[in-house]
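Participant:
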Amino acid sequence: MRSRTSGMWWGTTIEAPDPSGLARFYAELLGWHIGHEEPGTAIVAASPQGPFFVFQQADGYRTPVWPPVDREQRPMMHFDFQVGDLDSAVADAVALGATVAEFQPQQNVRVMFDPAGHPFCLCFDQA
Numbered sequence: 001m002r003s004r005t006s007g008m009w010w011g012t013t014i015e016a017p018d019p020s021g022l023a024r025f026y027a028e029l030l031g032w033h034i035g036h037e038e039p040g041t042a043i044v045a046a047s048p049q050g051p052f053f054v055f056q057q058a059d060g061y062r063t064p065v066w067p068p069v070d071r072e073q074r075p076m077m078h079f080d081f082q083v084g085d086l087d088s089a090v091a092d093a094v095a096l097g098a099t100v101a102e103f104q105p106q107q108n109v110r111v112m113f114d115p116a117g118h119p120f121c122l123c124f125d126q127a
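Residue numbers (full-length UniProt numbering): 1 to 127.
Have a look at this one:
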């Protein structure tokens, strides 16, 4: 994007029924910090320059269904996080409030749900 300059922030915005709670989950999971919090919005940042995850209040939030089911709320996006040890990463995520999806399409990936039900993947790459 031509109008961007060095030092400008960037990130992804995610709807949530409890923005502050979900921000705390991802801050702990990733070792990031909560950069800003106000009613209805919480921001988790890797550094002062980003990237950022912005969690915004969503009234009427519907949990995505995985695997996708016709006429149900589909996951519109998800995060992928590379990990060094799949079993310990799953255990850490579960201890923070995540759940393991029943359907697992790949042996080296674990589909997880965050506390709001958004899917995310923990990916072990042996290369």
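Where is the CB? At the ideal position from N, CA and C, for every residue including glycine. In this text, all values refer to a predicted model and were calculated from it rather than measured experimentally.
1) With burial defined as no fewer than 16 other Cβ atoms inside 10 Å of the residue's Cβ, what is the status of residue 128: buried or exposed?
2) Could you spell out where the beta strand (DSSP E) holding glycine 11 opens and where it closes?
3) Can you give, in chain order, each stretch of the beta strand (DSSP E) that sits fully within the stretch 38-80 and has at least 3 residues?
4) Please report the Cβ distance between alanine 16 and tyrosine 61, rounded to the nearest whole angstrom; I am assuming they are in contact, meaning their Cβ atoms lie under 8 Å.
5) Measure the alpha-carbon distance for proline 51 versus glutamate 37 and round it to whole angstroms.
6) What residues match up with methionine 112 in a beta bridge as DSSP calls it?
7) Going by CA-CA distance only, name the one from Pro67, Ser88, Ile14 and Asp92 that's closest to threonine 41.
8) Is phenylalanine 81 near the ligand GDP, with its Cβ less than 8 Å from a heavy atom?
9) Which residues mark the beginning and the end of the alpha helix (DSSP H) in which arginine 24 is found?
10) With a 10 Å radius around its C-beta and 16 neighbouring C-beta atoms as the bar for buried, classify arginine 74 as buried or exposed.
11) I believe valine 83 touches phenylalanine 124 by the beta-carbon criterion, under 8 Å. Please report the beta-carbon distance rounded to the nearest angstrom.
12) Considering only DSSP beta bridges, list what histidine 83 is partnered with.
Facilitator: Concretely, from the data shown:
1) Nothing can be reported for residue 128: it is not among the residues displayed for the chain, which extend from 1 to 127.
2) 11-16
3) 41-45 and 52-57
4) 7 Å
5) 16 Å
6) Val100 and Phe120
7) Ile14
8) Only the bare structure without any ligand can be found here, which leaves the ligand GDP out of the picture.
9) 19-30
10) exposed
11) 6 Å
12) The displayed chain sequence assigns valine, not histidine, to residue 83. Partner(s): Phe124.
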